[in-house]
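Let me begin by presenting the structure, written as structure tokens, before commenting on it.
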Ligand code: ARG
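Numbering (the working numbering), first residue to last: 1 to 268.
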């Protein structure tokens, strides 16, 4: 049953957003980016969160870090404990310490420098019972154990196999409790079997919607913020009683990210 709960999100205004390198198949530096439009679209999402009763904290963007807008990658926060990000690609390396410093300045009591490569909530998705953890492209398998030992939540490792869905949050979303939606084609057959066993009632997204970044959504338990183009996903959610809010982040899609990528949840 969909049920609302107010959230705290961390976001980073895309003032320095651009596509200047390629670290995922969506990024094409030869395609023009409209930075002003990126900011306008991002402001729309931020305003929508606030209108619906959520708190949005902001981290100062840094020149030369065009991907910093994808705040979901900046850390993982569970029960007020922060696991810092440790990026795989050198281009994003400085974002890890920048985000961790934000948490230290803010006074989060436990802030851990990650020993192993992990890209924050991009690859860690929390359900009521599990911490789902992706590997295969970015976060390392070793980081899954590191997260389990820090958070004391049972980790389920899932292997991603399609380079278009290089982070878990491009392939799977948590709607509320232990209710998830995912794209089966993004996972190895064995990891898919694990998902089917643990979540037999999960919603399944079509390959077409997944390719429109339809799974990169944010849910507060009732309101679901969904990339606008993914109309099939939106329809499925409406039928289940969720309030769907279509969001247009077309500019940020050029970097290989959408709604969820821009949103880091701060769980106290
Ligand atoms: N260009 C960024 C990268 O490849 C996009 C990150 C998207 N973030 C996410 N949580 N999936 O790292």
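No residue lacks a Cβ here, since even glycine has one placed at the ideal position from N, Cα and C.
Query, Result
"Continuous alpha helix (DSSP H) assignments of at least 4 residues falling wholly in the stretch 127 to 199", "141 to 151, 189 to 198"
"Three or more C-beta pairs below 8 Å linking the stretch 241 to 261 and the stretch 37 to 47", "yes"
"Limits of the unbroken beta strand (DSSP E) element including residue 75", "75 to 78"
"Beta-carbon proximity list for residue 102, same chain, < 7 Å, skipping 5 on both sides", "59"
"Option nearest residue 140 by Cα separation, candidates 228, 117, 6, 133", "117"
"Start-to-end residues for the beta strand (DSSP E) that takes in residue 21", "No beta strand (DSSP E) holds residue 21; DSSP gives it neither H nor E."
"For residue 117, the residue or residues it bridges with in DSSP", "Residue 117 pairs with nothing; no bridge assigned."
"Contact belief for residue 269 with residue 233 at Cβ below 8 Å, rounded distance in angstroms", "Past the edges of the chain, shown from 1 to 268, lies residue 269, and the structure says nothing about it."
"Closest residue to residue 159 among 187, 138, 45, 143 (Cα-Cα distance)", "187"
"Integer-rounded CB distance, given that residue 12 should sit under 8 Å from residue 71", "5 Å"
"Separation of residue 24 from residue 258, as counted between CA atoms", "14 Å"
"Rounded Cβ spacing between residue 120 and residue 74 (contact assumed at less than 8 Å)", "5 Å"
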